[in-house]
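In the order they appear, the protein sequences are chains G and Z.
Here UniProt numbering is used: position 149 in the first sequence is 149, and no number is missing along the way.
Here UniProt numbering is used: position 45 in the second sequence is 45, and no number is missing along the way.
Even glycine gets a Cβ: it sits at the ideal position worked out from N, Cα and C.
Predicted model only: the values in this text are computed from it and were never measured.
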Amino acid sequence: MATTGSLLAGHRAFPRNSKRSQKLGQLIFVVGFFLILELLVRSGILNRLIIAEPSRVLLRLWQDLFTQELWTAFLVTFWEVGVALVMSLLVGLVGGGLLYHYSTVRKALQPVLVGFYSAPAILLYPVFMTLLGPNSLMIITMATIMGAVPISVNLAIGFGGIDPILLKLGRSLNLRGPRLMGKILIPAATPVLFAGFRMGLTFALIAVIGLEFLTYSGGLGRLISWRYSIFDSEGVYAAIAIVCCLAMAVNYALGVMERRIVNRF
Amino acid sequence: MSVSVSIENVSKTFGVPGTEFVAIKQADAQIQPGEFVSILGPSGCGKSTLLDMVAGLATPSRGTVSIHGQPVTGPDERMAMVFQQMSLLPWRTIQANVEFGLEVRGVGEAQRRRTAREMIDLVGLNGFEEKYPSQLSGGMNQRVAIARALALDPEILLMDEPFGALDEQTRRIMGIELLRIWDKSGKTIVFVTHSISEAIQLSDRILLMSSRPSTIREIIDVPLARPRSIEDLSSETARDIELRVWKVLLEETGAK
């Protein structure tokens, strides 16, 4: 677990100036990219029907913020993503705990589960659509499954990879059950656990948007699909920008949660 | 004087019936309070297994280990352990690592902080309280592990090759430091090592184990004066002990 320590300690010891210049570099890259894109579309090198100018997308995004269409779609997606994230975490944590506890099951299932999360599982949507119908329940169910798998696999890997000497230290101090979990297991596995959470939450988000798009059942995915079918390219990119903001907000919230948990140890 | 640690007719067998193998067979030893005893023996002879049984982390298949006459049935608050491998919690600062055992035992925060500061001072790591283990050298990390164990104020300190991963120079210096701490604290120390010179440098007695199925083949007194100087360690007495240990080890490993 020396790696965990180096990562955490290294993170704290990272020079502030170097971080600032890194952020500045990122900003320059993003602004530069959109500027070039703007020029390419305006000069006619890129077709406006395929790529909209960033400035027009930004304007459309502003106008969209005052429409009911966008907010209705956003709320549907927000609700589906929220429920799917909570469910993914719950199912993933229970599943991961069971996988860690029953090593035979872990050995048998781990390769299958790892294979599952690298496969395009979203293509199973016709099965779920037949079973549950093209509605939020179907979307949440599929997103939960897709999100829970990486969370449970990472949890089992994280707990399984803990240095045995730390477990021995725990035993020598008579630490057992929930106390062992809180004092050693969870802190030691936190970096791997949060990598799993990030992956799971990203998968769940992709599943929600992708299924809304494919099944035309509502939310931002459906809005993108609708605007795409009427050649409203600015509208498509504006809706995509909203999805990106949602993804960033979820990721940011997870980052804050991770920092708070790490600081508690 | 009462016996601190008593190892009576202890055997340890691993594996299932039919394919089992005997790791330790009928080991016997008595350790007095305040004594510094080393367990030395050929590689893989079960030194750490014997220490684990004393610590209550493993159960003897036969025989008993007792502390002041009470059989050991599990980890006991009168003992604390220092391991060979890096056993600090990497996500905790040095201060928080030293406090860890006290925290687990439910000691209040103010008392914990005070004791940890004292122990950090004792092992000579003042000023490193807010550092992380990854920012310290291997030797410094082992000092922290010793401080963590001492913070529990154990009567018996069990050390499983604590300097095994360190280079020769650091190991010698750590040995001197450990003797200084032992002298101040008056603890009973049971110290597993594979280094003959380390055992001579530190111990009152050496429990010399045979190869597997191992037992305590000889108990060798180290009659060197304390505090021990570098000259003492190259004295004739020290050389005689080294020669005696080497002869047994060569005999046990079958080397000529």
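My guess is that residue i and residue j are in contact by the Cβ rule of under 8 Å, so how many angstroms apart are they, rounded?
i, j, result
"G189 of chain Z", "A199 of chain Z", "Note on residue identity: the sequence assigns Ile, not Gly, to residue 189 of chain Z. Between A199 of chain Z and I189 of chain Z the Cβ distance is about 12 Å, and since that is not below 8 Å, they are no contact."
"L40 of chain G", "L46 of chain G", "5 Å"
"N9 of chain Z", "G63 of chain Z", "4 Å"
"L88 of chain Z", "V144 of chain Z", "6 Å"
"R212 of chain Z", "G44 of chain Z", "7 Å"
"W91 of chain Z", "P187 of chain G", "5 Å"
"F100 of chain Z", "R148 of chain Z", "6 Å"
"G221 of chain G", "G210 of chain G", "7 Å"
"A84 of chain G", "I122 of chain G", "At roughly 13 Å, the Cβ-Cβ gap does not stay under 8 Å, so A84 of chain G and I122 of chain G are not in contact."
"I224 of chain G", "I240 of chain G", "6 Å"
"G106 of chain Z", "S214 of chain Z", "Between S214 of chain Z and G106 of chain Z the Cβ distance is about 39 Å, and since that is not below 8 Å, they are no contact."
"residue 258 of chain Z", "R239 of chain Z", "Outside the shown range of chain Z, which is 1 to 256, sits residue 258 of chain Z, and nothing can be said about it."
"L214 of chain G", "L155 of chain G", "That belief does not hold up - the Cβ atoms of L214 of chain G and L155 of chain G are roughly 29 Å apart, past 8 Å."
"G41 of chain Z", "L208 of chain Z", "6 Å"
"L99 of chain G", "V105 of chain G", "6 Å"
"A238 of chain G", "R60 of chain G", "4 Å"
"L202 of chain Z", "G175 of chain Z", "6 Å"
Please name the residue, chosen from the options, that lies closest to residue i on a Cα-to-Cα basis.
i, options, result
"W79 of chain G", "G:G25, G:I261 and G:L246", "G:L246"
"D232 of chain G", "G:G44, G:R56, G:A253 and G:L39", "G:R56"
"P71 of chain Z", "Z:A55, Z:Q201, Z:D183 and Z:T19", "Z:A55"
"G82 of chain G", "G:F265, G:G200, G:A239 and G:V262", "G:G200"
"L254 of chain G", "G:A241, G:A195, G:T77 and G:G96", "G:A195"
"V94 of chain G", "G:V149, G:G44 and G:Q68", "G:V149"
"P17 of chain Z", "Z:S61, Z:A116, Z:W246 and Z:D76", "Z:S61"
"F36 of chain Z", "Z:F191, Z:L136, Z:E252 and Z:L224", "Z:F191"
"H194 of chain Z", "Z:R217, Z:P162 and Z:A225", "Z:P162"
"S88 of chain G", "G:A204, G:V262, G:V236 and G:L173", "G:A204"
"L136 of chain Z", "Z:S185, Z:R172, Z:Q95 and Z:I196", "Z:Q95"
"G34 of chain Z", "Z:I216, Z:L249, Z:R92 and Z:D204", "Z:D204"
"Y216 of chain G", "G:L193, G:F265 and G:G133", "G:G133"
"G74 of chain Z", "Z:L152, Z:A238 and Z:T59", "Z:T59"
"I242 of chain G", "G:L35, G:Q63, G:V105 and G:M138", "G:Q63"
"E38 of chain G", "G:I151, G:G115 and G:P54", "G:P54"
"M81 of chain Z", "Z:I241, Z:L152 and Z:S210", "Z:L152"
"A189 of chain G", "G:F74, G:S152 and G:V250", "G:S152"
"R198 of chain G", "G:V30, G:G161, G:I162 and G:V86", "G:V86"
"F265 of chain G", "Z:S11, Z:T93 and Z:G41", "Z:T93"
"V222 of chain Z", "Z:S210, Z:S197, Z:I216 and Z:M209", "Z:S197"
"E251 of chain Z", "Z:S210, Z:L179 and Z:K184", "Z:S210"
"G182 of chain G", "Z:E130, Z:P133 and Z:V104", "Z:V104"
"L178 of chain Z", "Z:G108, Z:E130 and Z:R228", "Z:R228"
"P164 of chain G", "G:V30, G:I184, G:T130 and G:Y252", "G:I184"
Which residues of chain G have a Cβ atom closer than 7 Å to the Cβ of residue i, listed in chain order?
i, result
"R92 of chain Z", "F265"
"A55 of chain Z", "S172"
"G101 of chain Z", "L173"
"M81 of chain Z", "S172"
I want to verify the contact list: residues of chain Z whose CB lies under 8 Å from the CB of residue i, in sequence order.
i, result
"L166 of chain G", "S87 and L89"
"P120 of chain G", "Ordered by position in chain Z, no residue passes the 8 Å Cβ test against P120 of chain G, which lies about 36 Å from the chain."
"P54 of chain G", "Result: empty, since nearest Cβ-Cβ is about 42 Å, beyond 8 Å."
At 7 Å on the CB atoms, spell out the chain Z contacts of residue i, in chain order.
i, result
"K183 of chain G", "V104"
"P134 of chain G", "Within chain Z, no residue comes near P134 of chain G; the closest Cβ sits about 46 Å away, beyond 7 Å."
Strictly below 9 Å CB to CB, what residues from chain G border residue i?
i, result
"P75 of chain Z", "R171, S172, L173 and N174"
For residue i, which residues in chain Z fall below 9 Å Cβ to Cβ?
i, result
"V262 of chain G", "W91"
"P126 of chain G", "Residues of chain Z passing the Cβ test: none, with the nearest at roughly 45 Å."
"P111 of chain G", "Within 9 Å Cβ-Cβ: nothing; P111 of chain G doesn't reach chain Z, min ~28 Å."
"P150 of chain G", "Residues of chain Z passing the Cβ test: none, with the nearest at roughly 23 Å."
For residue i, go through chain C and note every residue whose CB falls closer than 7 Å to its CB, in chain order.
i, result
"P178 of chain G", "The structure shown contains no chain C; its protein chains are G and Z."
Review point. Can at least three beta-carbon pairs, one atom from the region 126-145 of chain G and one from the region 168-180 of chain G, be found at a separation below 8 Å?
Key: no
Exercise for review: Let me know the beta strand (DSSP E) ranges lying completely inside the region 133-160 of chain Z, each 3 residues or longer, listed in chain order.
Suggested key: 156-160
Exercise for review: Inspect the CB distances between the region 157-171 of chain Z and the region 122-133 of chain Z and report whether three or more fall short of 8 Å.
Suggested key: no
Exercise for review: Would you list, in sequence order, the uninterrupted alpha helix (DSSP H) runs of no fewer than 4 residues that lie entirely inside the region 28-113 of chain G?
Suggested key: 54-64 and 68-101
Point to revise | Cβ contact (3+ pairs, closer than 8 Å) linking the region 39-51 of chain Z and the region 19-29 of chain Z | key: yes
Exercise for review: Ignoring anything shorter than 4 residues or poking outside the region 175-211 of chain Z, list the alpha helix (DSSP H) runs there in chain order.
Suggested key: 196-202
Review point. Which runs of the alpha helix (DSSP H) spanning at least 4 residues fall entirely within the region 48-135 of chain Z, listed in chain order?
Key: 94-104 and 109-122
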